Amino acid sequence: MDSQLVERQMNGIYKIKSEKLKVIFNQIKFLILNYSLLIDFVWNYRTDNELADELVNEILNSIAK
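Using numbering that gives the first Met the number 0, the first residue of the sequence shown is number 0, and each one after it goes up by one.
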């Protein structure tokens with residue numbers, strides 16, 4: 000899944016079509032509202048976020064084995 004897509008969905012710019020993702024979205028929004036959390040969903044280029052990219056690749060590689 001594209002991280003920019005997720006960022007835009009979480010910020011209400013794009014609609015969420017998947018029913019499974021809608022459930023997760025609603026759970027996240029529930030937690031944010033009930034715990035009065037201030038969260039900004041922002042998108043960064045992969046090259047600007049090397050650590051996250053590394054961790055995701057490690058997980059994906061371990062799943063593929």
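From the three backbone atoms N, C-alpha and C, an ideal C-beta is built for every residue, glycine too. Owing to the predicted nature of the structure, the values given are computational and were not obtained by experimental measurement.
query, result
"Which residues in the same chain have their Cβ closer than 6 angstroms to the Cβ of residue 8, if we skip the five residues on either side of it in sequence?", "15"
"Over what stretch of residues does the alpha helix (DSSP H) that includes residue 29 continue unbroken?", "18 to 33"
"With H, G and I counted as helix, E and B as strand and the rest as coil, what does DSSP make of residue 60?", "helix"
"Do residue 42 and residue 18 count as a contact pair if the criterion is CB distance below 8 angstroms?", "no"
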